[in-house]
Amino acid sequence: MTGIAAMIGIAAGDLATGVWYGLIGVAVWAIPFAIAYLLYRRWRGEGPESRRDAD
Numbered sequence: 043m044t045g046i047a048a049m050i051g052i053a054a055g056d057l058a059t060g061v062w063y064g065l066i067g068v069a070v071w072a073i074p075f076a077i078a079y080l081l082y083r084r085w086r087g088e089g090p091e092s093r094r095d096a097d
């Protein structure tokens, strides 16, 4: 083992798997919050207008 995996005493593959699961977990939470934020901005009138509203 080399690098950070050796310092914390776990296999590099296990570390990579854990980091990957962590990134997936963050994405699962972040994507809906980003969508909700964009919808919130649009409902407040600060976001982009739809083509229907532009007329």
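Plus 42 on top of the position in the sequence shown (first one is 1) and you've got the working numbering.
Ideal Cβ placement from N, Cα and C applies to all residues, glycine included.
Pairwise C-alpha distance: residue j and residue i
i   : j   : result
A48 : W62 : 18 Å
L65 : T59 : 10 Å
V70 : A76 : 11 Å
A53 : I73 : 30 Å
G55 : R84 : 43 Å
G45 : G67 : 24 Å
I50 : G87 : 49 Å
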